[in-house]
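Working notes, structure below.
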Amino acid sequence: MSETLEYDVSAEVRGVMTPGRLKLSDQQIVFKNSKTGKVEQIASEEIDLINSQKFVGSWGLRIFTKNGHLHRFVGFKDNEHEKLAAFIKKSYNQDLVEKEMCVKGWNWGTARFLGSVLSFDKDSKTIFEVPLPHVSQCMTGKNEVTLEFHQNDDAPVGLMEMRFHIPSVESAEDDPVETFQSNVMKKASVISASGDAIAIFPDIHCLTPRGHYDIKIFPTFFQLHGKTFDYKIPMNSVLRLFLLPHKDNRQMFFVLSLDPPIKQGQTRYHYLVYLFGPEEETSIELPFSEQELKEKYDGKIEKELSGPLYEVMGKVMKVLIGRKITGCGNFVGHSGTPALGCSFKADKGSLYPLERGFIYLHKPPIHIRFEEIAAVNFARSGGSTRSFDFEITLKNGTVHTFCSIEKEEYSKLFDFITQKKLHVSNMGKDKGGYKDVDFGDSDNENEPDAYLARVKAEAREKESEEDDDGSEEESTDEDFKPNENESDVAEEYDSNAQSDSDEDSDASGAGSPDKHSADEKKHRKHKKERKEKRESKEKSKEKTKKSAKKKDLNKPKRPTTAFMLWLNDTRDQIKRENPGISVTDLAKKAGEMWKELKDKSKWEEKAAKDKQRYLDQMKTYKPSADSGDDQNAKPAKKRKKESPTKKSANISGSFKSKEYISDDDDSSSIEADNEARKSKEGKAAADTEKKKNKTNGDVKKGKAKKSASNDGESSPSTEIEESD
Numbered sequence: 001m002s003e004t005l006e007y008d009v010s011a012e013v014r015g016v017m018t019p020g021r022l023k024l025s026d027q028q029i030v031f032k033n034s035k036t037g038k039v040e041q042i043a044s045e046e047i048d049l050i051n052s053q054k055f056v057g058s059w060g061l062r063i064f065t066k067n068g069h070l071h072r073f074v075g076f077k078d079n080e081h082e083k084l085a086a087f088i089k090k091s092y093n094q095d096l097v098e099k100e101m102c103v104k105g106w107n108w109g110t111a112r113f114l115g116s117v118l119s120f121d122k123d124s125k126t127i128f129e130v131p132l133p134h135v136s137q138c139m140t141g142k143n144e145v146t147l148e149f150h151q152n153d154d155a156p157v158g159l160m161e162m163r164f165h166i167p168s169v170e171s172a173e174d175d176p177v178e179t180f181q182s183n184v185m186k187k188a189s190v191i192s193a194s195g196d197a198i199a200i201f202p203d204i205h206c207l208t209p210r211g212h213y214d215i216k217i218f219p220t221f222f223q224l225h226g227k228t229f230d231y232k233i234p235m236n237s238v239l240r241l242f243l244l245p246h247k248d249n250r251q252m253f254f255v256l257s258l259d260p261p262i263k264q265g266q267t268r269y270h271y272l273v274y275l276f277g278p279e280e281e282t283s284i285e286l287p288f289s290e291q292e293l294k295e296k297y298d299g300k301i302e303k304e305l306s307g308p309l310y311e312v313m314g315k316v317m318k319v320l321i322g323r324k325i326t327g328c329g330n331f332v333g334h335s336g337t338p339a340l341g342c343s344f345k346a347d348k349g350s351l352y353p354l355e356r357g358f359i360y361l362h363k364p365p366i367h368i369r370f371e372e373i374a375a376v377n378f379a380r381s382g383g384s385t386r387s388f389d390f391e392i393t394l395k396n397g398t399v400h401t402f403c404s405i406e407k408e409e410y411s412k413l414f415d416f417i418t419q420k421k422l423h424v425s426n427m428g429k430d431k432g433g434y435k436d437v438d439f440g441d442s443d444n445e446n447e448p449d450a451y452l453a454r455v456k457a458e459a460r461e462k463e464s465e466e467d468d469d470g471s472e473e474e475s476t477d478e479d480f481k482p483n484e485n486e487s488d489v490a491e492e493y494d495s496n497a498q499s500d501s502d503e504d505s506d507a508s509g510a511g512s513p514d515k516h517s518a519d520e521k522k523h524r525k526h527k528k529e530r531k532e533k534r535e536s537k538e539k540s541k542e543k544t545k546k547s548a549k550k551k552d553l554n555k556p557k558r559p560t561t562a563f564m565l566w567l568n569d570t571r572d573q574i575k576r577e578n579p580g581i582s583v584t585d586l587a588k589k590a591g592e593m594w595k596e597l598k599d600k601s602k603w604e605e606k607a608a609k610d611k612q613r614y615l616d617q618m619k620t621y622k623p624s625a626d627s628g629d630d631q632n633a634k635p636a637k638k639r640k641k642e643s644p645t646k647k648s649a650n651i652s653g654s655f656k657s658k659e660y661i662s663d664d665d666d667s668s669s670i671e672a673d674n675e676a677r678k679s680k681e682g683k684a685a686a687d688t689e690k691k692k693n694k695t696n697g698d699v700k701k702g703k704a705k706k707s708a709s710n711d712g713e714s715s716p717s718t719e720i721e722e723s724d
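Taking full-length UniProt numbering, the leading residue of the sequence shown gets 1, the next gets one more, and so forth.
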């Protein structure tokens with residue numbers, strides 16, 4: 001068995017170090033990009049040179065192939081150097097020699113073209129290297145050559161262009177500037193439309209970028225020709241091909257994933273999305289002989305092709321690009337289609353669960369591989385019971401939320417997630433998941449609600465934590481007394497209410513008839529009684545609240561379920577079979593084992609006996625006086641909220657009118673009132689003189705006078721007393 005080495009390192013991709021997995025074996029070197037999933041292979045017989053090169057904090061491999069391509073892998077540790085050097089010597093017959101770089105900061109030197117690499121050297125040491133496939137354009141001027149580079153979206157800072165000054169040499173036969181440009185253009189990824197197109201597909205409807213384009217396919221690239229924009233896309237920039245049916249089953253999507261993306265102004269398009277109708281058909285003839293088709297394409301394509309337009313175009317693209325076409329997987333939704341109707345941000349689209357990932361079409365297109373997913377989550381859709389949200393959290397922390405998926409699709413999607421063994425982040429509370437959950441349809445009110453169950457479970461946990469901490473007693477705010485505040489508001493705006501202070505009563509008594517002073521005393525006394533009653537009520541309520549939550553230790557223990565009885569007996573066995581298992585994983589594992597257990601009669605009988613035990617004990621159980629578990633006690637009635645108008649009406653109604661008081665009192669009480677009024681009159685007059693300069697006293701006196709004059713005019717009891 002051949003030895004293999006695997007490392008988590010980074011590879012240089014258009015100027016950016018992209019993480020991935022490097023695997024070295026006797027036959028080849030393979031690097032899988034963790035971001036795009038693209039796999040690069042270097043056969044052992046193609047390797048021309050392997051060097052080690054120092055980088056900041058680590059070192060890397062510099063691999064040159066015989067066709068002139070340069071590959072750089074960075075992120076090896078120092079202690080891996082000897083082992084890797086021995087493996088390379090044994091497997092590839094190469095000595096791992098260090099590549100020395102010039103660090104003196106020279107900005108002039110000698111340009112050497114080594115395969116597809118431009119090396120800028122000073123003496124025998126390299127200052128920098130430029131991989132020519134990264135060059136997008138090369139332009140010349142007088143004694144100057146300008147290189148422009150393909151941009152990488154992942155680069156925080158990117159190299160846009162580089163200029164070389166080339167001095168003129170009189171003795172040279174060829175112009176050094178043109179020679180330099182021709183060497184660059186031979187290896188640069190600058191697309192030049194040389195020769196005739198292999199196939200042409202006119203007026204193709206393109207959703208991204210939007211418009212109608214003529215697609216011309218050449219041996220090394222294909223061109224999109226539209227009314228406003230033209231794009232030339234190299235074949236090697238296509239990562240994946242997708243052929244997916246529309247949700248209505250009447251149209252087809254053909255999707256191309258690009259890296260690097262095409263650019264239109266400041267907008268970059270990572271995907272090309274074409275839309276085809278089922279009635280669109282075509283027939284083309286390729287400009288190759290049968291022998292050329294066998295030699296170039298291994299007989300994978302015929303000279304004449306006919307059929308639906310998307311099939312013909314897909315087959316040509318598949319063979320020329322050399323990529324497989326990804327179609328729909330085994331997923332079939334509730335509607336009978338492989339797509340889930342949903343919306344992403346503000347746009348509607350379709351989510352396709354595939355064999356190795358998800359793809360969302362169409363605005364913007366998103367492809368998510370299972371390898372990138374950290375967890376998925378099912379959530380309530382903005383309070384709606386007719387739909388749910390599906391959240392996908394990637395390992396890099398990005399969260400994609402697909403909203404408003406019909407609730408009928410829930411069970412299908414959950415089965416798919418379970419089959420692909422993706423981690424569901426909201427399965428912690430209910431170990432069995434939310435497989436058969438109905439999202440609150442009014443026709444199925446008795447069905448459980450996953451979201452509601454989770455919220456209740458969290459609330460129960462929080463309550464239990466508070467009980468354990470001994471913080472179940474509610475703190476009361478003694479300064480806040482709502483009933484008292486209500487009466488204060490009513491007194492301010494109610495004409496029947498009177499002031500509490502002696503100062504107010506004296507001021508009002510000076511400008512009003514004497515018979516009002518006795519009424520004021522009664523009102524103050526009545527208000528004081530009401531205040532004392534209210535305070536005693538509040539104290540009794542607080543005592544009731546504090547005593548209600550005390551637990552009764554003599555209360556019978558609730559019956560244990562069959563599952564818990566089985567789990568108590570099986571827990572040690574699960575721990576032995578799975579050493580180091582966490583509590584959460586143990587519960588999940590137990591739930592799966594209980595679900596698969598066919599004969600549960602033994603535990604169900606034990607559970608029935610335990611339930612009967614609980615019922616028998618509850619018959620003889622009598623709660624203690626301070627436990628708060630009195631089952632015969634009636635629940636407290638909820639106080640209905642009253643409108644402000646009703647409150648003020650009730651408060652004002654609690655005071656008796658003048659005629660009602662006069663009718664109830666006998667003649668002796670009237671005489672006593674007259675005497676008290678006369679004694680007060682002199683005192684009130686003296687106090688009024690003292691308070692003339694005080695603003696508040698004047699205002700209160702005016703209010704009292706107005707109230708007294710109004711009472712004197714409108715109250716018939718005043719006339720009765722005067723006549724007496």
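All C-beta atoms in this analysis are idealised placements derived from N, C-alpha and C, irrespective of residue type, glycine included.
request  = Measure how close the beta-carbons of Ile574 and Leu565 come, nearest whole angstrom, since I'm counting them as under 8 Å.
outcome  = As a working note, residue 574 is residue 574 in the sequence shown. As a working note, residue 565 is residue 565 in the sequence shown. Going by Cβ atoms, the distance from Ile574 to Leu565 rounds to 15 Å, so no, they are not a contact pair.
query = CA-CA distance, His246 and Asp259?
reply = In the sequence shown, residue 246 corresponds to position 246, counting from 1. In the sequence shown, residue 259 corresponds to position 259, counting from 1. Roughly 25 Å between the two C-alpha positions.
message = Rounding to the nearest angstrom, what Cα-Cα distance links Lys606 and Ser582 in this structure?
response = As a working mapping, residue 606 is identified with position 606 in the sequence shown. As a working mapping, residue 582 is identified with position 582 in the sequence shown. Their backbone Cα atoms lie some 28 Å apart in a straight line.
ask   = Between the C-alpha atoms of Ser411 and Arg380, what's the straight-line distance to the nearest angstrom?
value = Taking the sequence shown and counting its residues from 1, one reaches residue 411 at position 411. Taking the sequence shown and counting its residues from 1, one reaches residue 380 at position 380. Roughly 15 Å between the two C-alpha positions.
query = Beta-carbon separation of Ala11 and Thr18 under 8 Å?
reply = By 1-based counting over the sequence shown, the position of residue 11 is 11. By 1-based counting over the sequence shown, the position of residue 18 is 18. One thing to note: Ala11 has its Cβ within 8 Å of the Cβ of Thr18.
query = Counting along the chain, where does the alpha helix (DSSP H) carrying Glu295 start and finish?
reply = Against the sequence shown, residue 295 aligns to sequence position 295. Glu290 to Tyr297 is the span of the alpha helix (DSSP H), which, as asked, contains Glu295.
request  = State the start and end residues of the unbroken beta strand (DSSP E) segment that holds Gly357.
outcome  = Along the sequence shown, read from residue 1 onward, the residue named residue 357 stands at position 357. Note, Gly357: beta strand (DSSP E), Gly357 to Leu361.
key: Residue from Ser44, Gly15, Lys89 and Val16 whose Cα sits closest to the Cα of residue 728   = Residue coverage of the chain in this structure runs from 1 to 724, which leaves residue 728 outside it and unanswerable.
query = Closest by CA to Ile127, which one among Glu100, Leu309 and His71?
reply = Along the sequence shown, read from residue 1 onward, the residue named residue 127 stands at position 127. Checking every option, the nearest Cα to that of Ile127 belongs to Glu100.
inquiry  = Between the segment 153-162 and the segment 173-182, can you find at least three pairs of beta-carbon atoms closer than 8 Å?
reply    = no
inquiry  = Does Asp519 come out as helix, strand or coil in the three-state DSSP assignment?
reply    = Numbered from its first residue, the sequence shown carries residue 519 at position 519. Helix.
inquiry  = Measuring alpha carbon to alpha carbon, tell me which residue in Asn79, Lys611, Ile198 and Gly357 is nearest Glu285.
reply    = Taking the first residue of the sequence shown as 1, we reach residue 285 at position 285. Closest option to Glu285, judged by alpha-carbon separation, among Asn79, Lys611, Ile198 and Gly357: Ile198.
message = For Lys187, which residues in the same chain have their Cβ closer than 6 Å to its Cβ, ignoring the five residues on either side in sequence?
response = Taking the first residue of the sequence shown as 1, we reach residue 187 at position 187. Ser116 and Leu132, listed in sequence order.
request  = State the CB to CB distance for the pair Pro556 and Tyr621, rounded to an integer number of angstroms; the pair is presumed to be in contact (CB under 8 Å).
outcome  = For the purposes of this step, residue 556 is taken as residue 556 along the sequence shown, with counting starting at 1. For the purposes of this step, residue 621 is taken as residue 621 along the sequence shown, with counting starting at 1. Indeed they touch by this definition, with Cβ atoms about 6 Å apart.
Proximity test, Cβ basis, 8 Å: Glu148 and chain D = The structure shown has no chain D; it contains just one protein chain.
request  = Determine which residues share a DSSP beta bridge with Val332 and list them.
outcome  = Numbered from 1 along the sequence shown, position 332 holds the residue referred to as residue 332. For Val332, which the question treats as bridged, DSSP gives no partner whatsoever.
Candidates Asp248, Leu272 and Gln251: closest to Pro209 by CA position = The sequence position of residue 209 within the sequence shown is 209, counting from 1. Of Asp248, Leu272 and Gln251, the residue nearest in Cα terms is Leu272.
query = Under 8 Å between the Cβ atoms of Thr282 and Leu309?
reply = For the purposes of this step, residue 282 is taken as residue 282 along the sequence shown, with counting starting at 1. For the purposes of this step, residue 309 is taken as residue 309 along the sequence shown, with counting starting at 1. Their beta carbons are under 8 Å apart, which means Thr282 touches Leu309 by this criterion.
Residues near Phe416 in its chain [Cβ-Cβ closer than 8 Å; skip 5 each side] = Here residue 416 refers to the residue found at position 416 when the sequence shown is read from its first residue. Phe331 and Pro353, listed in sequence order.
ask   = Thinking just about the alpha-carbon of each residue, which of Glu46, Gly357, Ser289 and Gly341 is nearest to the one in Ala374?
value = Position 374 of the sequence shown, counted from the first residue, corresponds to residue 374. Comparing Cα-Cα distances from Ala374 to each of Glu46, Gly357, Ser289 and Gly341, the minimum goes to Gly357.
Chain-order list of residues whose beta-carbon lies under 8 Å from that of Gln617 (same chain, five-residue window excluded) = Stepping through the sequence shown from its first residue, residue 617 is reached at position 617. Closer than 8 Å at Cβ, skipping near neighbours: Pro556.
request  = Ignoring anything shorter than 3 residues or poking outside the segment 184-219, list the beta strand (DSSP E) runs there in chain order.
outcome  = Note on the segment 184-219: whole beta strand (DSSP E) runs with a minimum of 3 residues are 199-208 and 211-217, in chain order.
query = Asn183 to Pro167, Cα distance in whole Å?
reply = On the sequence shown, residue 183 is found 183 positions in, with the first residue counted as 1. On the sequence shown, residue 167 is found 167 positions in, with the first residue counted as 1. Near 17 Å, if we compare the C-alpha coordinates of Pro167 and Asn183.
query = Taking Cβ to Cβ, would you say Cys328 is nearer than 8 Å to Cys403?
reply = Locating residue 328 in the sequence shown gives position 328, counting from the first residue. Locating residue 403 in the sequence shown gives position 403, counting from the first residue. Against a cut-off of 8 Å, the Cβ pair of Cys403 and Cys328 comes out as no contact.
message = Between the alpha carbons of Thr393 and Ile368, how many angstroms are there, rounded?
response = Indexing the sequence shown from 1 puts residue 393 at position 393. Indexing the sequence shown from 1 puts residue 368 at position 368. Using only the alpha carbons, I get a separation of about 10 Å.
ask   = Mapping DSSP to helix, strand and coil, what is Met101?
value = Stepping through the sequence shown from its first residue, residue 101 is reached at position 101. Three-state DSSP puts Met101 in a strand.
query = Is Gly428 helix, strand or coil by DSSP?
reply = Here residue 428 is taken as the residue at index 428 of the sequence shown, counted from 1. Note that Gly428 has pLDDT 46, beneath the 50 cutoff, so the model's placement of it is unreliable and no number is given.
request  = Taking 8 Å as the threshold, find out whether the segment 71-81 comes into contact with the segment 111-125 through three or more Cβ pairs.
outcome  = no
ask   = Thinking C-alpha only, which one of Tyr92, Gly75 and Leu96 is nearest Glu82?
value = If you number the sequence shown from 1, residue 82 lands on position 82. Closest option to Glu82, Cα to Cα, is Leu96.
query = DSSP beta-bridge partners for Asn152?
reply = Against the sequence shown, residue 152 aligns to sequence position 152. Answer is none; Asn152 lacks a bridge partner.
query = At which residues does the alpha helix (DSSP H) containing Met593 begin and terminate?
reply = Within the sequence shown, numbered from 1, the residue matching residue 593 stands at position 593. Looking at the DSSP string, the run of the alpha helix (DSSP H) that includes Met593 is Val583 to Glu596.
query = Should Ala607 be counted as a contact of the ligand FAD given a C-beta to heavy atom distance under 7 Å?
reply = The ligand FAD is not among the ligands present in this structure, which contains no ligands whatsoever.
ask   = Under 8 Å between the Cβ atoms of Met185 and Phe254?
value = Translated into the one-based positions of the sequence shown, residue 185 becomes position 185. Translated into the one-based positions of the sequence shown, residue 254 becomes position 254. No, these two residues do not count as a Cβ contact at 8 Å.
key: Where Asp26 falls: helix, strand or coil (DSSP)   = Taking the sequence shown and counting its residues from 1, the one referred to as residue 26 is at position 26. DSSP places Asp26 in coil when its eight states are reduced to three.
query = So who's on the other strand from His400, going by DSSP bridges?
reply = For this step, residue 400 is matched to residue 400 along the sequence shown. The beta-bridge partner set that DSSP reports for His400 consists of Ile392.
ask   = Do Arg268 and Ser257 have their C-beta atoms closer together than 8 Å?
value = What you label residue 268 is simply residue 268 of the sequence shown in a count that begins at 1. What you label residue 257 is simply residue 257 of the sequence shown in a count that begins at 1. No.
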